[in-house]
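Numbering (this note's numbering), first residue to last: 127 to 559.
Note that CB positions come from ideal geometry on N, CA and C, so glycine has one too.
Just so it is clear, the structure is predicted and the values come from calculations on it, not from any experiment.
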RNA sequence: UCCUCGGUAGCUCAAUUGGCAGAGCGCUCGGCUGUUAACCGAACGGUUGGAGGUUCGAGUCCUCCCCGGGGAGCCA
């Protein structure tokens, strides 16, 4: 008999065979002369079974094991409906790789969010965290395949920048050889330049906002998937965005069905939510809709959390709010030719209260527009000269958007807080671990 | 920055009107041949976030500070 080393997710394919697994002891239950070891390896959890009369010495050793002991086990895979995963390993032997020097801090019962975040480096081994992080991987991969399949070129924006994208948002400052530099808050301006070189571009990268936000939807360091397209108008921009969102959800549903089941996500609802097209609602109509449903809001106001929640619930799927007021938005967006008080921009609001998934717009493409809009925002053109060059040399209509990856993952997973959707969340008051 | 709730055993939480500091889980020990957050029994475990104050007496009341959760604003 040949003995193979495999991963736990492949164990159901090896029923009847003798295999080796390398992992960690997730939990242990014993009942006198029979012992159950729950073994995890990152791909899943499987139960190992051992009875005392069969192997007294091995049984005694197993009985002494503590949680998160790393071990290599050998056994025979068999189906058993009493096992949590439907199959289990009849243990033949095991080797301890490392024995923990203290009890593992994370119980499988209950902890406060603060305690869990303090122990994020250990918490991430347990329960829902493994499936969430595997879904995160699937989301990143789906974004990359979508853009690849649609002819986009993967590129990068710098993290260290000398220019602010949004005049208003707070920036993290770093010392750059005696000069102030900032951690990038968006790759957009750089992607506009790159799109003029390569046509259609995207990147997935970290961005930084020094906002003192304290909500379930905000991190100070988060990942955005940003795209920028030359020769693309507002309408085409929205069309691509909805296709991307639906593509990601469908890919994850297909690839990570087991993980979604572990998270008890209502997958049917999720799939229904991404049936195309997503509704397009004019900003003015959205304001009216909110007013008619008892919300205190007027034209020119930005949406607050309750408004976003209402809109998501009302439509039951992601909804574009388009033609937003100029006053709400940054200098680089193109004015609506039909109404200069509006810009050709849209926010994509997620269902189920997950907030804004995407912000996008057609960009102002003439030098005159940009100059006057910089002036209106009280921004000096000087640091933007390189950006203004894009309108001096073969400027074209172009559009782009940024997708908040963590919010996307939170929505797909159905988890309430985005701190669980990234391995190590950076928040106000949290820089460790 | 603002609003709000909280800080008691390693963890999650109790503690009546201001009157002896408690439980469950975990760890340790004992029992149990199908456990599913196993179960049963025992033992271990405390500077009640910090400083000051009121009082015969403070986990409990007062003042200030520190830390955390939730929310708002801002944004993705």
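Beta-carbon spacing of residue i, residue j below 7 Å
i	j	result
residue 471	residue 496	no
residue 354	residue 317	yes
residue 493	residue 484	no
residue 249	residue 259	no
residue 416	residue 423	yes
residue 438	residue 477	yes
residue 211	residue 150	no
residue 345	residue 551	yes
residue 330	residue 310	no
residue 231	residue 245	yes
Assumed close pair residue i, residue j - CB separation to whole angstroms, cut-off 8 Å
i	j	result
residue 447	residue 480	Contact flag wrong, Cβ pair sits at about 15 Å.
residue 268	residue 378	6 Å
residue 507	residue 500	5 Å
residue 554	residue 532	The pair is not a contact, with the Cβ atoms about 16 Å apart (cut-off 8 Å).
residue 257	residue 366	Not really, about 29 Å apart at Cβ, beyond 8 Å.
residue 278	residue 328	5 Å
residue 399	residue 442	7 Å
Selected residue, minimal CA-CA separation from residue i, among the options
i	options	result
residue 148	138, 225, 405 and 132	132
residue 356	178, 487, 506 and 498	487
residue 376	412, 220, 541 and 272	272
residue 218	194, 193, 209 and 187	187
residue 526	351, 182, 167 and 209	351
residue 333	343, 313 and 326	313
residue 397	374, 169 and 254	374
Residue burial classification, residue i (beta-carbon count within 10 angstroms, cutoff 16)
i	result
residue 349	buried
residue 363	buried
residue 517	buried
residue 413	buried
residue 129	exposed
residue 288	exposed
residue 458	buried
residue 504	exposed
residue 436	buried
residue 134	buried
residue 528	buried
(message) Under 8 Å: do the region 228-241 and the region 509-528 share three or more Cβ pairs, one atom per stretch?
(response) no
(message) Closer than 8 Å is the cut-off here; do at least three beta carbon pairs connect the region 538-547 with the region 322-332?
(response) no
(message) With three or more beta-carbon pairs closer than 8 Å as the criterion, would you say the region 164-174 touches the region 197-208?
(response) yes
(message) Under 8 Å, with one C-beta from each stretch per pair, do the region 293-308 and the region 331-340 reach the 3-pair mark?
(response) yes
(request) Pair every Cβ in the region 178-193 with every Cβ in the region 214-230, then say whether three or more of these pairs are closer than 8 Å. (result) yes
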